[in-house]
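> In this note's numbering, the protein residues as written are 1 to 441. Note that CB positions come from ideal geometry on N, CA and C, so glycine has one too. Because the structure is a prediction, the values reported are computed rather than measured. The following block contains the structure, expressed as structure tokens.
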Ligand SMILES: [Zn+2]
């Protein structure tokens, strides 16, 4: 099954055939177009990747592909944690896509990947469910939904009660637990508006969904998903019994507040409530390290990045720039700039850091409030860097606050990869001003 809008996002390249699969984002049909040479017909993309460094083998690329295509492949960002190859929906420029087609696409894929009934080992599910640190009434609601014993209209109908069995939100389907919590547009919107920007995975039923959710190691995510289910049920009852429609954004906000409140009362749950971190870290700690990043994409297929590291908001520690011959979207360049800055901060053993970027979307995604399949590998890297600092967060700031970093992007475009200590260089500053730190190579 090949849908025209899907392509592979390269992780380690082991699942993707160089000459047959759709994997080059900039090519028509996402297929390799260069004449086949130098590499056997069924070779996988992983032969083009140096698994140790997690980088493209540019020498092989230029041997095998024509110049333009080699450059395009070299522009495909790789995650330093080399995750699995993944089929994704190729996003339109505006980032929008058809939820419905993705839904069907994933459904097919999931069936293929996981043959056989998924409910064969239900025993573990209930045990796991009972361990989730969450309000008992929320857990109870999830449990009843999973067992299909909530009094949904379809269940009441089965018991012989005469009523209108359609979903009160969309009025276009039977109100089953599967529909109201997973398939209904309302449920999807609530989950997507919730703090983690959750996209409901296609599931056979609520139990199937529950198994999937409980496989996650991220307690915060489980709490958010469970609370979303409970809020949907509440909103449904409000609508049916009091004829009150609750605003979607109010519901989404409540989901976060509920979880944050629980985690404040029971801090042993050891959950980072992300937005809270952002707020706390943003307050005035004189000793906070501020790291601002910016990126620019230029016509010649060049992306440049700039980074300024300051202590306490004033003292310049490091100014750095980087130039890469890659053609990527602006969001991708901004995400790569953040990852680069995080790596640098780690190498410099900095901590207690606030990273700033003027790319709202990228910041939102790192903080769990947006999603893009393309950016996912880089954002995962960023999140794993963030977990390794004692205190670190990522904030959006206005472009006007980012002038120094913006300037560093220009310097990078002119001068390539350079690092300065204690000073912001001028556009033309030559080597006399440059202080390479061995740490920063
Ligand atoms: Zn509905």
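For the beta strand (DSSP E) that residue 294 lies in, which residues bound it at each end?
The residue labelled residue 294 in the question sits at position 294 within the chain shown. Looking at the DSSP string, the run of the beta strand (DSSP E) that includes residue 294 is 289 to 298.
> Determine the direct distance from the alpha carbon of residue 52 to that of residue 341, and round the result to whole angstroms.
What you label residue 341 is simply residue 341 of the chain shown in a count that begins at 1. What you label residue 52 is simply residue 52 of the chain shown in a count that begins at 1. Those two C-alpha atoms are separated by around 21 Å.
> Among 142, 364 and 86, which one has its Cα closest to the Cα of residue 224?
Translated into positions along the chain shown, residue 224 becomes position 224. Ranking the options by Cα distance to residue 224, first place goes to 142.
> In terms of residue numbering, what span does the alpha helix (DSSP H) encompassing residue 16 cover?
Sequence index remark: in the chain shown, residue 16 carries index 16 (1-based). Looking at the DSSP string, residue 16 is not in any alpha helix (DSSP H), and its letter there is neither H nor E.
> Just how far apart, CA to CA, sit residue 385 and residue 260?
Reading the chain shown from its first residue, position 385 is the one you call residue 385. Reading the chain shown from its first residue, position 260 is the one you call residue 260. Taking the straight line joining both Cα atoms gives about 23 Å.
> Express the C-alpha separation of residue 405 and residue 71 in angstroms, rounding to a whole number.
What you label residue 71 is simply residue 71 of the chain shown in a count that begins at 1. What you label residue 405 is simply residue 405 of the chain shown in a count that begins at 1. Their Cα atoms are separated by approximately 27 Å.
> Would the beta-carbon of residue 359 fall within 8 Å of that of residue 353?
Residue 359 sits at position 359 when you count from the first residue of the chain shown. Residue 353 sits at position 353 when you count from the first residue of the chain shown. No, Cβ-Cβ distance for residue 359 and residue 353 is not below 8 Å.
> According to DSSP, is residue 8 part of a helix, a strand, or is it coil?
Numbered from its first residue, the chain shown carries residue 8 at position 8. Reduced to three states, the DSSP call for residue 8 is strand.
> Could you give the residue range of the beta strand (DSSP E) that holds residue 237?
For the purposes of this step, residue 237 is identified with residue 237 of the chain shown, where counting begins at 1. Taken as a continuous stretch (DSSP letters only), residue 237 belongs to no beta strand (DSSP E), being part of the alpha helix (DSSP H) at 219 to 242.
> Round the Cβ separation of residue 249 and residue 193 to the nearest angstrom and send it over; I've been treating them as touching at under 8 Å.
What you label residue 249 is simply residue 249 of the chain shown in a count that begins at 1. What you label residue 193 is simply residue 193 of the chain shown in a count that begins at 1. The pair is a contact, with the Cβ atoms about 6 Å apart (cut-off 8 Å).
> So is residue 372 buried or exposed if we call it buried at 16+ other beta carbons inside 10 Å?
Translated into the one-based positions of the chain shown, residue 372 becomes position 372. When all chains shown are included, residue 372 counts as buried.
> Does the Cβ of residue 406 lie closer than 7 Å to at least one heavy atom of ligand 1?
Walking along the chain shown from the start, residue 406 turns up at place 406. Because no heavy atom of ligand 1 lies under 7 Å away, the Cβ of residue 406 does not count as near it: no.
> My output table needs one value for residue 56: the three-state DSSP class, helix, strand or coil.
As a working note, residue 56 is residue 56 in the chain shown. Residue 56: strand per DSSP, three-state reduction.
> Taking the alpha carbon of residue 132 as the reference point, which residue from 264, 403, 222 and 170 has its own alpha carbon closest?
Within the chain shown, residue 132 is the residue found at index 132, counting from 1. Nearest option by C-alpha distance: 222.
> Among 233, 33, 134 and 26, which has the Cα closest to the Cα of residue 301?
Position 301 of the chain shown holds residue 301. Of 233, 33, 134 and 26, the residue nearest in Cα terms is 26.
> Opposite residue 420 in the DSSP bridges: which residues?
Counting from 1 along the chain shown, the entry for residue 420 is found at position 420. DSSP lists 319 as partners of residue 420.
> Once you ignore the five residues that flank residue 173 on each side, which residues in its own chain have a CB closer than 6 Å to its CB?
Taking the first residue of the chain shown as 1, we reach residue 173 at position 173. So the list reads 167 and 179, once near-sequence residues are dropped.
> Between the Cα of residue 290 and the Cα atoms of 227, 401 and 202, which residue gives the shortest distance?
Translated into the one-based positions of the chain shown, residue 290 becomes position 290. Of 227, 401 and 202, the residue nearest in Cα terms is 401.
> By how many angstroms is the C-alpha of residue 64 removed from the C-alpha of residue 39?
Position 39 of the chain shown, counted from the first residue, corresponds to residue 39. Position 64 of the chain shown, counted from the first residue, corresponds to residue 64. The straight-line gap from Cα to Cα measures roughly 7 Å.
> Ligand 1 heavy atoms versus the CB of residue 192: any closer than 7 Å?
The residue given as residue 192 occupies position 192 in the chain shown. Residue 192: no, Cβ never under 7 Å from ligand 1.
> Do residue 232 and residue 206 have their C-beta atoms closer together than 8 Å?
The count along the chain shown starts at 1 and reaches residue 232 at position 232. The count along the chain shown starts at 1 and reaches residue 206 at position 206. Contact: no.
> Quick one, are the C-beta atoms of residue 296 and residue 409 less than 8 Å apart?
As a working note, residue 296 is residue 296 in the chain shown. As a working note, residue 409 is residue 409 in the chain shown. Yes, Cβ-Cβ distance for residue 296 and residue 409 is below 8 Å.
> Grab me the residues of residue 398's own chain with a C-beta within less than 7 Å of its C-beta, minus the 5 sequence neighbours each way, in chain order.
The residue given as residue 398 occupies position 398 in the chain shown. These residues qualify, in order along the chain: 358.
> With a threshold of 8 Å on Cβ separation, who are the neighbours of residue 396 within its own chain once the five nearest residues in sequence on each side are excluded?
Taking the first residue of the chain shown as position 1, residue 396 is located at position 396. Cβ neighbours of residue 396 beyond the five flanking positions: 356, 357, 358, 359, 360, 363 and 364.
> If you run the structure through DSSP and keep just helix, strand and coil, what is residue 330?
Here residue 330 is taken as the residue at index 330 of the chain shown, counted from 1. DSSP places residue 330 in helix when its eight states are reduced to three.
> Would you tell me roughly how many angstroms separate the C-alpha atoms of residue 325 and residue 303, rounded to the nearest one?
For this step, residue 325 is matched to residue 325 along the chain shown. For this step, residue 303 is matched to residue 303 along the chain shown. Using only the alpha carbons, I get a separation of about 6 Å.
> Locate the beta strand (DSSP E) running through residue 188, then write down its first and last residues.
Looking up residue 188 in the chain shown gives position 188. From DSSP, residue 188 is part of no beta strand (DSSP E) but of the alpha helix (DSSP H) over 185 to 193.
> Do you know how far the Cα of residue 379 is from the Cα of residue 266?
The count along the chain shown starts at 1 and reaches residue 266 at position 266. The count along the chain shown starts at 1 and reaches residue 379 at position 379. Taking the straight line joining both Cα atoms gives about 29 Å.
> What residues sit near ligand 1, counting only those whose C-beta is closer than 5 Å to one of its heavy atoms, in chain order?
Chain-ordered list of matching residues: 167, 169, 170 and 184.
> Would you call the CB atoms of residue 351 and residue 310 closer than 8 Å?
On the chain shown, residue 351 is found 351 positions in, with the first residue counted as 1. On the chain shown, residue 310 is found 310 positions in, with the first residue counted as 1. Contact: no.
> Alpha carbon to alpha carbon, how far is residue 85 from residue 9? Give it in angstroms, no decimals.
Counting from 1 along the chain shown, the entry for residue 9 is found at position 9. Counting from 1 along the chain shown, the entry for residue 85 is found at position 85. Taking the straight line joining both Cα atoms gives about 6 Å.
> Kindly indicate which three-state DSSP category residue 405 falls into: helix, strand or coil?
Indexing the chain shown from 1 puts residue 405 at position 405. Helix at residue 405.
> Starting from the N-terminal side, write out each stretch of the beta strand (DSSP E) that is 3 residues or longer and does not extend beyond the segment 344 to 399.
Listed in chain order, the complete beta strand (DSSP E) runs (minimum 3 residues) inside the segment 344 to 399 are 353 to 357 and 392 to 396.
> Please report the Cβ distance between residue 316 and residue 138, rounded to the nearest whole angstrom; I am assuming they are in contact, meaning their Cβ atoms lie under 8 Å.
Taking the chain shown and counting its residues from 1, one reaches residue 316 at position 316. Taking the chain shown and counting its residues from 1, one reaches residue 138 at position 138. With 8 Å as the limit, residue 316 and residue 138 do not qualify as a contact, their Cβ atoms being about 48 Å apart.
> Could you check where the alpha helix (DSSP H) with residue 253 kicks off and where it finishes?
Start at 1 with the first residue of the chain shown, and residue 253 comes out as number 253. Per DSSP, residue 253 belongs to the alpha helix (DSSP H) from 248 to 265.
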